[in-house]
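Here is the structure we will look at, set down as structure tokens.
Number of protein chains: 2
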Amino acid sequence: MFEQIKAASQSLIGHANQTPVFTSSTLDNQLNANLFFKCENFQKVGAFKFRGAFNSISQLSSQEKEKGVIAYSSGNHAQAIACVGHMLGVKTTIVMPSDAPSIKLAATRGYGAQVITYNPQTQTRESVAEEILQQNDLTLIPPFDHPNVIAGQGTVAYEFFQSHPQLSTIIAPCGGGGLLSGTAIAAKHMNPECQVVGVEPELANDATLSFQTGKLHVKPNPPTIADGTRTASLGGLTFPIILQNVDQMVTVTEAAIKEAVRFFFARMKMVVEPSGALGLAALMSGAIKPKGNIGVIISGGNIDSKTMAEILTEH
Amino acid sequence: MFEQIKAASQSLIGHANQTPVFTSSTLDNQLNANLFFKCENFQKVGAFKFRGAFNSISQLSSQEKEKGVIAYSSGNHAQAIACVGHMLGVKTTIVMPSDAPSIKLAATRGYGAQVITYNPQTQTRESVAEEILQQNDLTLIPPFDHPNVIAGQGTVAYEFFQSHPQLSTIIAPCGGGGLLSGTAIAAKHMNPECQVVGVEPELANDATLSFQTGKLHVKPNPPTIADGTRTASLGGLTFPIILQNVDQMVTVTEAAIKEAVRFFFARMKMVVEPSGALGLAALMSGAIKPKGNIGVIISGGNIDSKTMAEILTEH
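Okay, structure coming up:
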């Protein structure tokens, strides 16, 4: 899989943003460690999901590309598939719940995707997607549980270790585990001594429980503000990768997540979505003991104005 | 003065952040031009003011450094002086209005500055500062009207032209004119063909009127949201520099400023203060016709949570 990450990294050149790494001396003094933030909030479509989407669609056969791809997601994966489809001239169909925020529906359509809505009360997105897929012979690009998606997400850590080989810990948020899997594989190849830590919201701790018990836990629709981690469980590919390559899983409270979002806003002048703030939340709350050179992956910055305004003022 | 900018740029190495330049393909498509944003919101203390403060304090004699410096400001200049004083071991005294936001008073004290408050209803900051200065033999670091301050602020454009020599237009916000003066001098030396444009809020258009008429206009306490431009007028040094080296001055509405702040938030995942959004506001509102390779200086990112929440939700 590491070879696939390397190859993905090559193929992303000129398409994805090579995202910057930011630091904060305030934070380093406060936590008595050296923190490095890999800013995927500055990635295309505002999230690391662009990488996996590009690495998946670009490797399809020309016949598959001609027929088009389908994805189901109400979040960053949908935007990423739509955006990459637009860039590579591949028709995209996105299945989204009819009650998805209108801004997300509009943004996805804005990239030229065909958006198909379903009633989440009466239908599942999988069944809707499956039906359309069969009828139109489309290729499904799953949100995390696919080797090309995982390899694409692994390029975040690959780039990170290339620019910062000295990291002694690397921290990534965990939803379905695509980013964390890719991160762990890259870490274990590029710096085997580096500790890999995954972070989940306490309210969506399925992966932590799965990791600790070795048995897959499922938690549908956890009510966390970190919408990128609301995935019900790890996948058939990501779970074993995480079991084998991740050193620690920790959880953080909703309050800690919001505190981290506010820190990024006030001190680092960055817009970070709640899921993207999990790593800092774990460090600031003490769930991870800060020590040495710590790489923190900020997964994305797609937070709507209303949610951000609430987080900024409730404090 | 250009030689002083070059020298300032050298002396800032290892102290100031070499700020990144961001782009947005969404915006480029929308405006049919190539925009480059020099992100001083990612500068130390969250604003370009760090540069002028460092360039001023670092050039004091060791005797002056030992006695300490004084500044009056309720904004980014105060933070910058306090921060640089802390870095260089120089005692700083900052005169601030007693009704300044408590977060700003606390932040300034946090850098180890002695904060002296005055009653803005009954005293002027100049008179208060003058009295303390005389008593303690301190050196006053003015917020913009000083050669070392202007040279420091000019390093923003100096760095910008070094990394992006192709700019055909460079746009800077204008308050007292320190940043715009430094920008114009750097531009005319490094790329004489480059058009230099200054932007003010319509509500604080003193510099635009001064520029158009050749006579200094004064506008005390203009009620604009762009607090960095509330300075009453250009200075004795900045006015002639701007008259001679700036090509155009334009103004923007409060609505346009807020719209630009929202764009930075939603599409570029950056926290930009209203004054820092003036350049983009001028382009998006049509006050400046977008054409060619446009460099836009984002002056800072120091906006409090409450103001940001209001801007994000009033839309």
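Taken in order, these protein sequences are the chains called A and B. Each residue of the first sequence is one higher than the one before, starting from 122 at the first, in the working numbering. Each residue of the second sequence is one higher than the one before, starting from 122 at the first, in the working numbering. Here a beta-carbon is modelled for each residue, glycine too, at the ideal position from N, C-alpha and C. Note that the structure is predicted; figures quoted are calculated from it, not measured.
{"Check": "Chain B contact for Thr434/A (CB, 8 angstroms cutoff)", "Outcome": "yes"}
{"Check": "Contact with chain A by Gly349/B, beta-carbon distance below 8 angstroms", "Outcome": "no"}
{"Check": "Cβ-based burial, Val339/A [other Cβ within 10 Å; buried from 16]", "Outcome": "exposed"}
{"Check": "CB contact below 8 angstroms: Met391/B versus chain A", "Outcome": "yes"}
{"Check": "Burial state of Pro313/B (16 or more Cβ within 10 Å)", "Outcome": "exposed"}
{"Check": "Whether Leu300/A touches Phe169/A by CB criterion (8 angstroms)", "Outcome": "yes"}
{"Check": "Beta carbon proximity, Phe171/A to chain B, threshold 8 angstroms", "Outcome": "no"}
{"Check": "Burial state of Pro344/A (16 or more Cβ within 10 Å)", "Outcome": "exposed"}
{"Check": "Within chain A, the residues that Gly422/B reaches when beta carbons sit closer than 8 angstroms", "Outcome": "Lys390"}
{"Check": "Contact set between Gly167/A and chain D, taken where Cβ atoms lie within less than 7 angstroms", "Outcome": "Absence of chain D from the displayed structure is noted, the protein chains being A and B."}
{"Check": "Gly476/A versus Met370/A: straight-line alpha-carbon distance, rounded", "Outcome": "The question about residue 476/A has no answer, for chain A in this structure spans 122 to 436."}
{"Check": "Buried versus exposed, by CB contacts within 10 Å (16 or more), Ser331/B", "Outcome": "buried"}
{"Check": "Cβ-based burial, Pro263/B [other Cβ within 10 Å; buried from 16]", "Outcome": "buried"}
{"Check": "Reference Ala402/A; option with closest CA among Ile378/A, Lys212/A, Ile134/A, Ser223/A", "Outcome": "Ile378/A"}
{"Check": "Same chain, Cβ closer than 8 angstroms to Glu280/B, five either side skipped, listed in chain order", "Outcome": "Ser130, Gln139, Thr140, Lys159"}
{"Check": "C-alpha distance - Gln125/B paired with Lys225/B, whole-angstrom precision", "Outcome": "31 angstroms"}
{"Check": "Continuous alpha helix (DSSP H) stretch holding Leu433/B: start and end", "Outcome": "426-434"}
{"Check": "Residues bridged to Ala293/A [DSSP beta-bridge criterion]", "Outcome": "Gly319/A"}
{"Check": "Alpha-carbon spacing of Cys315/A relative to Pro286/A, whole angstroms", "Outcome": "10 angstroms"}
{"Check": "Helix, strand or coil at Thr213/A [DSSP, three-state]", "Outcome": "strand"}
{"Check": "Where Tyr279/A falls: helix, strand or coil (DSSP)", "Outcome": "helix"}
{"Check": "Endpoints, beta strand (DSSP E) assigned at Leu156/A", "Outcome": "155-160"}
{"Check": "Within 8 angstroms, strictly: CB atoms of Phe360/B and Leu324/B", "Outcome": "no"}
{"Check": "At least three beta-carbon pairs within less than 8 angstroms, the segment 167-183 of chain A to the segment 223-240 of chain A", "Outcome": "no"}
{"Check": "Proximity test, Cβ basis, 8 angstroms: Phe281/B and chain A", "Outcome": "no"}
{"Check": "Rounded C-alpha distance that separates Val317/A from Val382/A", "Outcome": "22 angstroms"}
{"Check": "Residue from Leu433/A, Asn162/A, Ser145/A, Ile134/A with nearest C-alpha to Gly422/A", "Outcome": "Asn162/A"}
{"Check": "Any chain A beta carbon closer than 8 angstroms to Met429/B", "Outcome": "yes"}
{"Check": "Strand pairing of Met370/B, partner residues [DSSP]", "Outcome": "Gly319/B"}
{"Check": "Assigned exposure category for Ala376/B - 16 Cβ within 10 Å defines buried", "Outcome": "exposed"}
{"Check": "Beta carbon proximity, Pro141/A to chain B, threshold 8 angstroms", "Outcome": "yes"}
{"Check": "First through last residue of the beta strand (DSSP E) which encompasses Asn414/B", "Outcome": "414-419"}
{"Check": "Inter-residue Cα distance where the pair is Ala199/A and Leu156/A", "Outcome": "31 angstroms"}
{"Check": "Beta-carbon proximity check, Pro222/A vs Asp425/A, cutoff 8 angstroms", "Outcome": "yes"}
{"Check": "Contacts that Gln197/B makes with chain A (C-beta to C-beta distance below 8 angstroms)", "Outcome": "In the sequence under discussion, the amino acid at residue 197/B is Asn, which differs from the Gln named in the question. Correct list: empty, because the minimum Cβ distance to chain A is about 12 angstroms."}
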